[in-house]
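Asker: Protein sequence lines, in the order shown, are assigned to chains A and B.
Heads up, the first sequence is in the numbering used here, so the first residue is 9 and it goes up one at a time.
Heads up, the second sequence is in the numbering used here, so the first residue is 369 and it goes up one at a time.
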Amino acid sequence: EPEVTQTPSHQVTQMGQEVILRCVPISNHLYFYWYRQILGQKVEFLVSFYNNEISEKSEIFDDQFSVERPDGSNFTLKIRSTKLEDSAMYFCASSDGSAKRTEAFFGQGTRLTVV
Amino acid sequence: GDSVTQMEGPVTLSEEAFLTINCTYTATGYPSLFWYVQYPGEGLQLLLKATKADDKGSNKGFEATYRKETTSFHLEKGSVQVSDSAVYFCAPQRNQGGKLIFGQGTELSVKP
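Okay, structure coming up:
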């Protein structure tokens, strides 16, 4: 069964450094998302992406964050200058957005640790 | 804004016990409703869904019915197994392709 893949599974970075989290969504899907889960807390929406542009973003998704779909298969989340509070599990998801199959499929996540 | 309230965990049950995890939501319109499950150390997996009022989603012995009148989507299973131990998330989605709004999650621990 097709799946969403994320790399790396774990990333450790120094505070102030830039990180790029990578995702390969399911190939025929049209909607792409990033969520994050701080340890022990709920899953929070960051951003959704459709038709090569951001369709919705949360208050968390400030100017430090950006997303890109550089080559038609990858979907990346960049954090320009990481802060300690960015430490979390980051999940990528995709969906085809159709009425019959609107559910999102999630990757296994990237655990980001900012030190 | 849209929100979800789930039963607080952890919920600890013995194997073969009956499970109910309550979920109520506030959302405009007619959202689709989902339950996702997160097993230890893993990502989120879709457990079941319902896309309109009175629909019942079911999978792996779990069921949930979309109750528009009470804005609820309670998860039930008649006989839980140790392998059901996980965190369960209720999540409405307001429109096709839209974001999911996750509840705080309910941790379930099933003892043999």
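Each residue gets a CB set at the ideal place from its N, CA and C atoms; glycine is no exception.
All of these numbers come straight from a predicted model, not from anything done at the bench.
Have a look at A:Ser89 and A:Leu47 and give me their C-alpha separation to the nearest angstrom.
Answerer: Cα to Cα, A:Ser89 sits roughly 21 Å from A:Leu47.
Asker: On the CB-based measure, 16 or more other CB atoms within 10 Å of its CB, does B:Thr388 come out buried or exposed?
Answerer: The residue in question, B:Thr388, is exposed, as its Cβ has fewer than 16 Cβ neighbours within 10 Å.
Asker: Under 9 Å between beta-carbons, which chain A residues line up against B:Leu414? List them in chain order, please.
Answerer: By Cβ distance, chain A contributes Glu111, Ala112, Phe113, Phe114.
Asker: So who's on the other strand from A:Arg119, going by DSSP bridges?
Answerer: Its beta-bridge partners are A:His18, A:Met97.
Asker: According to the neighbour-count rule (16 or more other Cβ atoms, all chains shown, within 10 Å of its Cβ), is A:Ser8 buried or exposed?
Answerer: Because residue 8 of chain A is not part of the residues shown, which for chain A are 9 to 123, the question remains open.
Asker: Output the distance between the C-alpha atoms of B:Ser382 and B:Val478, rounded to the nearest integer angstrom.
Answerer: Those two C-alpha atoms are separated by around 5 Å.
Asker: Determine the burial state of A:Leu92: buried for a count of at least 16 other Cβ atoms within 10 Å of its Cβ, exposed for fewer.
Answerer: Exposed.
Asker: For the stretch 56-68 of chain A, which residues have a CB atom closer than 9 Å to at least one CB atom of chain B, in sequence order?
Answerer: Listed in sequence order: Ser56, Tyr58, Ser63, Glu64, Ser66.
Asker: Of all the residues that make up the stretch 413-442 of chain B, which are near chain A by a beta-carbon distance shorter than 9 Å?
Answerer: Of all residues in the stretch 413-442 of chain B, Gln413, Leu414, Lys417, Thr419 have a Cβ within less than 9 Å of some Cβ in chain A.
Asker: How many angstroms separate the CA atom of A:Gly115 from the CA atom of A:Asn36?
Answerer: Cα-Cα distance, rounded: 16 Å.
Asker: So what's B:Ser426 in DSSP terms, helix, strand or just coil?
Answerer: Residue state, collapsed to three classes: strand.
Asker: Between B:Gln396 and B:Arg462, how many whole angstroms is the CB-CB distance? I'm expecting something under 8 Å.
Answerer: Per the sequence shown, residue 396 of chain B should be read as Thr rather than Gln. Going by Cβ atoms, the distance from B:Thr396 to B:Arg462 rounds to 7 Å, so yes, they are a contact pair.
Asker: Using a Cβ cut-off of 8 Å, pull out every chain B residue sitting near A:Phe99, in sequence order please.
Answerer: Those within 8 Å of A:Phe99 in chain B are Gly411, Leu412.
Asker: For the pair the stretch 410-420 of chain B and the stretch 373-382 of chain B, tell me if three or more CB-CB distances fall below 8 Å.
Answerer: Touching, no.
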